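Here the sequence shown is numbered in the numbering used here, starting from 456 and rising by one per residue.
Glycine included, every Cβ here is placed at the ideal spot set by N, Cα and C.
Please read these numbers as outputs of a predicted model, since none were measured by experiment.
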Amino acid sequence: MDKHRVLEFLEQSEDIPILPKNISEILEMLKDPCGFEIDHLVQKVTQSVELNDIMLKNLNSGYFQLNKKIKTIKEAVVYLGMQTVQNLIIFYISRLLFPNITDRRKRSFDIYKYWNHVLGTSVAASILASRINCSDKYKLFSYGLIHDIGIPVLDTCLPEFIDEVSLKVHKGMHQIVAERSVLGGLTHSDIGAWLCEKWNLREDIINIVKFHHTPFVPKINIKEVQLLHIADVISTEYYEKLLGLNLNSNVSKSIMKTLGITEDDYIYVAEILPEEVDKLNSYLLV
Numbered sequence: 456m457d458k459h460r461v462l463e464f465l466e467q468s469e470d471i472p473i474l475p476k477n478i479s480e481i482l483e484m485l486k487d488p489c490g491f492e493i494d495h496l497v498q499k500v501t502q503s504v505e506l507n508d509i510m511l512k513n514l515n516s517g518y519f520q521l522n523k524k525i526k527t528i529k530e531a532v533v534y535l536g537m538q539t540v541q542n543l544i545i546f547y548i549s550r551l552l553f554p555n556i557t558d559r560r561k562r563s564f565d566i567y568k569y570w571n572h573v574l575g576t577s578v579a580a581s582i583l584a585s586r587i588n589c590s591d592k593y594k595l596f597s598y599g600l601i602h603d604i605g606i607p608v609l610d611t612c613l614p615e616f617i618d619e620v621s622l623k624v625h626k627g628m629h630q631i632v633a634e635r636s637v638l639g640g641l642t643h644s645d646i647g648a649w650l651c652e653k654w655n656l657r658e659d660i661i662n663i664v665k666f667h668h669t670p671f672v673p674k675i676n677i678k679e680v681q682l683l684h685i686a687d688v689i690s691t692e693y694y695e696k697l698l699g700l701n702l703n704s705n706v707s708k709s710i711m712k713t714l715g716i717t718e719d720d721y722i723y724v725a726e727i728l729p730e731e732v733d734k735l736n737s738y739l740l741v
C-alpha cells in the first residue's frame with residue numbers, strides 16, 4: 456500500500472478515536488499555553504473525572520519523587536511546569552483513547568513489550584537531561600511518553616501492517632526500514648505527526664514525534680529532539696534485548712558531542728535502564 460492510501464485509510468478509519476468535546480476543548484487550550492487561565496484548564500481537566508484521577512494517582516505514585524502530595528492539577532503545574540503537565544495530559548488522553556483492546560492472539564507485534572520501550576525512552580531522556588543539565592528532566596520525561604504515539608495508531612487501525620513490520624524486525628531488518636517497506640515510505644513517526652496535527656497539538660510536540668529518528672531536520676526545540684533521539688536509541692537497544700534481538704542501533708556521535716553526552720553517560724543510562732523501567736512499571740497506573 457502506498458503512503459497516500461495509508462493516510463487515506465487512517466482518515467476514514469472508524470478505529471481512530473473521535474475526541475469527546477471536553478477533551479477536544481482541552482487540546483485546543485493546550486495549543487496556546489499563554490492564551491488561557493490555568494484555572495480554566497484545571498476546571499476542564501477536573502470535569503473529565505477519569506483523566507483527572509489517573510493524572511493525580513500517577514503524579515502521587517512515587518516515581519516523580521515530589522516532596523508533597525499533589526491534590527490538584529494546578530499544584531502539578533506549580534511543581535512540574537506548564538509544558539510538562541500539558542504533555543502528561545496529552546499522554547493520558549492518548550492512553551484513554553487507545554486502550555489496547557485489540558485481540559492479541561496470533562499477533563507478532565507485542566504492544567506490551569513496546570510499552571517498555573516507551574517508558575525506557577522517557578527514563579533515559581530524564582536521566583540524560585539531569586546529567587548534562589539540559590532542559591527540564593520532567594518535560595523530557597513527558598516528551599518520551601508521547602514520542603511514539605504513532606505506534607498505537609498503527610496497532611489499532613492497521614494491526615496486520617504493524618505485524619508485518621514486526622516480522623521483518625525479527626528477521627534482522629531495522630524497524631524504520633521495515634516500516635517504510637510496509638507503509639509505502641511512511642514510518643510510525645509520520646503517522647504520529649499526522650495524528651498530532653489532526654488533534655491540533657503544539658508544534659514542539661509535533662517536532663518531537665516527527666523528528667526523533669531524524670534529529671538534524673527540526674527547526675525548533677532542536678536540543679530536546681536530539682536528546683530524545685539519543686534516549687530513543689538507548690531504549691531501542693533495551694527493547695531489542697526484550698525481543699531476543701541484537702541489531703546494534705547506531706547513535707550519532709556528533710549529536711552526543713553537541714549535547715555534551717559522554718560515552719560514560721550513555722553506558723550508565725543503558726546499564727540502569729531495565730531496573731528503572733521495571734520500577735516505573737510498578738508505579739504507573741495506566
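Rounded to whole angstroms, what's the CA-CA distance from Y593 to T539? Just pull it up for me. Taking the first residue of the sequence shown as position 1, residue 593 is located at position 138. Taking the first residue of the sequence shown as position 1, residue 539 is located at position 84. Between Y593 and T539, the C-alpha separation is close to 6 Å.
I'd like to check one pair, G639 with M456: are the Cβ atoms closer than 8 Å? Position 1 of the sequence shown, counted from the start, is the residue given in the question as residue 456. Position 184 of the sequence shown, counted from the start, is the residue given in the question as residue 639. Yes, these two residues count as a Cβ contact at 8 Å.
With three or more beta-carbon pairs closer than 8 Å as the criterion, would you say the segment 691-699 touches the segment 466-483? no
Start and end of the alpha helix (DSSP H) containing Q742? The requested residue 742 does not occur in the structure, where the chain is confined to residues 456 to 741.
Starting from Q751, trace the alpha helix (DSSP H) in both directions and tell me its first and last residue. Because the chain in this structure spans residues 456 to 741, residue 751 falls outside the shown range and cannot be described.
Spatially closest choice to V732 from D508, G599 and I587, by CA coordinates: By one-based count along the sequence shown, residue 732 stands at place 277. Among D508, G599 and I587, the Cα nearest to that of V732 belongs to G599.
What's the gap between the Cα of K734 and the Cα of V706? Position 279 of the sequence shown, counting from 1, holds the residue named residue 734. Position 251 of the sequence shown, counting from 1, holds the residue named residue 706. Roughly 26 Å separates the two Cα atoms.
Which stretch, first to last residue, makes up the alpha helix (DSSP H) that contains E492? Position 37 of the sequence shown, counted from the first residue, corresponds to residue 492. Neither: E492 is in no alpha helix (DSSP H) and is coded neither H nor E.
Quick check: A579 and A686, are their CB atoms within less than 8 Å of each other? The sequence position of residue 579 within the sequence shown is 124, counting from 1. The sequence position of residue 686 within the sequence shown is 231, counting from 1. Contact flag set, yes.
Should N542 go down as buried or exposed, given a rule of 16 or more other Cβ atoms within 10 Å for buried? Within the sequence shown, numbered from 1, the residue matching residue 542 stands at position 87. Answer is buried; the Cβ neighbour count reaches 16.
How far does the alpha helix (DSSP H) with E466 in it reach, from first residue to last? Sequence index remark: in the sequence shown, residue 466 carries index 11 (1-based). From DSSP, the alpha helix (DSSP H) with E466 extends over K458 to Q467.
Could you check if E692 is buried or exposed, using at least 16 other CB atoms within 10 Å of its CB as the buried criterion? What you label residue 692 is simply residue 237 of the sequence shown in a count that begins at 1. E692 comes out buried.
Status (buried if at least 16 other CB within 10 Å, exposed otherwise) for E634: For the purposes of this step, residue 634 is taken as the residue at position 179 of the sequence shown. Classification for E634: buried.
Within 8 Å, do at least three Cβ pairs link the segment 713-728 to the segment 613-629? no
Compute the Euclidean distance between the alpha carbons of Q630 and D494, then round it to the nearest angstrom. For the purposes of this step, residue 630 is taken as residue 175 along the sequence shown, with counting starting at 1. For the purposes of this step, residue 494 is taken as residue 39 along the sequence shown, with counting starting at 1. Each residue's alpha carbon lies about 43 Å from the other.
Counted within 10 angstroms of its Cβ, other Cβ atoms place D603 as buried (16 or more) or exposed: Here residue 603 corresponds to residue number 148 of the sequence shown, with the count starting at 1. Looking at its Cβ environment, which holds 16 or more other Cβ atoms inside 10 Å, D603 is buried.
So, using beta-carbon positions, are L656 and K512 closer together than 8 Å? Locating residue 656 in the sequence shown gives position 201, counting from the first residue. Locating residue 512 in the sequence shown gives position 57, counting from the first residue. Cβ atoms of L656 and K512: not closer than 8 Å.
Expected contact under 8 Å - CB spacing of I567 and I509 to nearest Å: Taking the first residue of the sequence shown as 1, we reach residue 567 at position 112. Taking the first residue of the sequence shown as 1, we reach residue 509 at position 54. For the sequence presented, residue 567 should be read as Tyr rather than Ile. With a Cβ gap of about 18 Å, Y567 and I509 do not count as contacting.
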